[in-house]
Amino acid sequence: AQKITQTQPGMFVQEKEAVTLDCTYDTSDQSYGLFWYKQPSSGEMIFLIYQGSYDEQNATEGRYSLNFQKARKSANLVISASQLGDSAMYFCAMREGLIKAAGNKLTFGGGTRVLVKP
Amino acid sequence: DVKVTQSSRYLVKRTGEKVFLECVQDMDHENMFWYRQDPGLGLRLIYFSYDVKMKEKGDIPEGYSVSREKKERFSLILESASTNQTSMYLCASSRQGYNQPQHFGDGTRLSIL
């Protein structure tokens, strides 16, 4: 079974509008973390935002916010006031379990391509 | 700023060759990772390392090996390259810590002919 599911392969959004990117996850761990990354056409992966499973508040970073619904196991990314530079692939990723010696490896979803229209 | 540098942006090799992909990070991070990225499949973890000389298999280690002799450098080795290893390869590093993000290099687009 997929651990991270991004159901929207691609979407268009009008410049200056908000867009929500869906992410659902599957884990039996109580402690986990969710990350969102942006990958422009140039290829580099850029970290956007993090939400811990015990965080009571939804994470926010500038124009990015995370709509975290723990009971539904969803962690949707909201981009407000879209800009042309937001056109990119967006990946949701999960880190499961408490950190021990084995490093904080991530499992990634398949990604959502966003195209911002002027 | 964290800097993760991959030795090549584009690389073309022939089947059967031994291929080395190098990755260096300058932030004294404990963890380093190698992923491959293929259309529709997202990023898949090949190997990772949480300390010098330590390595752990990821989800798709077959056909690959790694080396971490120094903390800042993590090498991915294709022992005998095959055409199904044509892909984008991404290296990442992070600090230990549950909320620490991984920082990525620019990627190496590898073609095996």
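Protein sequences, first through last, are from chains H and B.
Start counting the first sequence at 83; every next residue gets the next number (our numbering).
Start counting the second sequence at 900; every next residue gets the next number (our numbering).
Where is the CB? At the ideal position from N, CA and C, for every residue including glycine.
Everything numeric in this text was worked out from a predicted model, so none of it was measured.
By a C-beta neighbour count over all protein chains shown, 10 Å radius and 16 as the cutoff for buried, is GLY941 (chain B) buried or exposed? Position 42 of the second sequence, counted from the first residue, corresponds to residue 941 (chain B). Its Cβ being crowded by 16 or more others within 10 Å, GLY941 (chain B) is buried.
Considering just the uninterrupted stretch of the beta strand (DSSP E) at GLN936 (chain B), what are its terminal residues? Your numbering for residue 936 (chain B) matches position 37 in the second sequence. For GLN936 (chain B), the enclosing beta strand (DSSP E) stretches over residues 930 to 937.
Name the chain H residues whose beta carbon is nearer than 8 angstroms to that of TYR1018 (chain B)? This structure cannot speak to residue 1018 (chain B), because chain B is shown only from 900 to 1012.
State yes or no: is the beta carbon of LYS85 (chain H) nearer than 8 angstroms to at least one beta carbon in chain B? Here the question's residue 85 (chain H) lines up with position 3 in the first sequence. Not a single C-beta of chain B is nearer than 8 angstroms to the C-beta of LYS85 (chain H).
Who are the Cβ neighbours of SER979 (chain B) in its own chain at under 6 angstroms, not counting the five residues just before and after it? Looking up residue 979 (chain B) in the second sequence gives position 80. Excluding positions up to five away in sequence, the list reads GLY915.
Cβ separation of MET987 (chain B) and ARG967 (chain B), assumed to be a contact under 8 angstroms, to the nearest whole Å: For this step, residue 987 (chain B) is matched to residue 88 along the second sequence. For this step, residue 967 (chain B) is matched to residue 68 along the second sequence. Contact doesn't hold; Cβ gap of about 21 angstroms is too wide.
Please state the DSSP three-state secondary structure of GLN112 (chain H). Within the first sequence, the letter at position 30 stands for residue 112 (chain H). DSSP places GLN112 (chain H) in coil when its eight states are reduced to three.
As assigned by DSSP and simplified to three states, the class of GLN90 (chain H): Working through the first sequence from its first residue, we reach residue 90 (chain H) at position 8. Note: GLN90 (chain H) maps to coil in three-state DSSP.
Comparing C-alpha positions only, which one of H:THR194, H:VAL198, H:ALA100, H:SER135 sits nearest to VAL152 (chain H)? Looking up residue 152 (chain H) in the first sequence gives position 70. Before going on, a small fix: residue 152 (chain H) reads as Lys here, not Val. LYS152 (chain H) has its Cα closest to that of H:SER135, out of H:THR194, H:VAL198, H:ALA100, H:SER135.
Give the straight-line distance between the Cα atoms of PHE129 (chain H) and SER981 (chain B), rounded to the nearest whole angstrom. Locating residue 129 (chain H) in the first sequence gives position 47, counting from the first residue. Locating residue 981 (chain B) in the second sequence gives position 82, counting from the first residue. Approximately 32 angstroms between the Cα atoms of the pair.
Taking DSSP as the reference, what is the three-state secondary structure of GLN905 (chain B)? Indexing the second sequence from 1 puts residue 905 (chain B) at position 6. Residue state, collapsed to three classes: strand.
Quick check on ALA183 (chain H) - is its C-beta less than 8 angstroms from some C-beta in chain B? Taking the first sequence and counting its residues from 1, the one referred to as residue 183 (chain H) is at position 101. Here the model assigns ALA183 (chain H) a pLDDT of 43, short of 50, so the residue's position is not dependable and the matter cannot be decided.
Neighbour flag for TYR132 (chain H) against chain B, beta carbons, 8 angstroms: Counting from one through the first sequence, the residue named residue 132 (chain H) turns up at place 50. At a cut-off of 8 angstroms between beta-carbon atoms, TYR132 (chain H) makes contact with chain B.
Candidates H:LEU188, H:TYR172, H:THR189: closest to PRO91 (chain H) by CA position: If you number the first sequence from 1, residue 91 (chain H) lands on position 9. Among H:LEU188, H:TYR172, H:THR189, the Cα nearest to that of PRO91 (chain H) is on H:TYR172.
Under DSSP, the beta strand (DSSP E) around VAL918 (chain B) begins and ends at which residues? The residue given as residue 918 (chain B) occupies position 19 in the second sequence. For VAL918 (chain B), the uninterrupted beta strand (DSSP E) run begins and ends at 918 to 924, by DSSP.
Which residues in chain B have a C-beta closer than 7 angstroms to the C-beta of MET176 (chain H)? List them in chain order. Within the first sequence, the letter at position 94 stands for residue 176 (chain H). Annotation: MET176 (chain H) has no Cβ neighbours in chain B at a cutoff of 7 angstroms; minimum Cβ distance is about 12 angstroms.
Between B:MET931, B:LYS917, B:GLY939, which lies nearest to LYS969 (chain B) when the distance is taken from Cα to Cα? Position 70 of the second sequence, counted from the first residue, corresponds to residue 969 (chain B). Nearest option by C-alpha distance: B:MET931.
TYR1051 (chain B): first and last residue of the uninterrupted beta strand (DSSP E) it sits in: Coverage of chain B is limited to positions 900 through 1012, which leaves residue 1051 (chain B) absent and any answer about it impossible.
Can you tell which of B:GLY1006, B:PHE947, B:SER964 has its C-alpha closest to the C-alpha of GLN995 (chain B)? Indexing the second sequence from 1 puts residue 995 (chain B) at position 96. Nearest neighbour of GLN995 (chain B) by Cα position, chosen from B:GLY1006, B:PHE947, B:SER964, turns out to be B:PHE947.
What ranges does the beta strand (DSSP E) occupy inside the segment 951 to 982 of chain B, keeping only unbroken runs of at least 3 residues that lie completely in it? Entirely contained in the segment 951 to 982 of chain B, the beta strand (DSSP E) runs reaching 3 residues are, in chain order, 963 to 969, 972 to 977.
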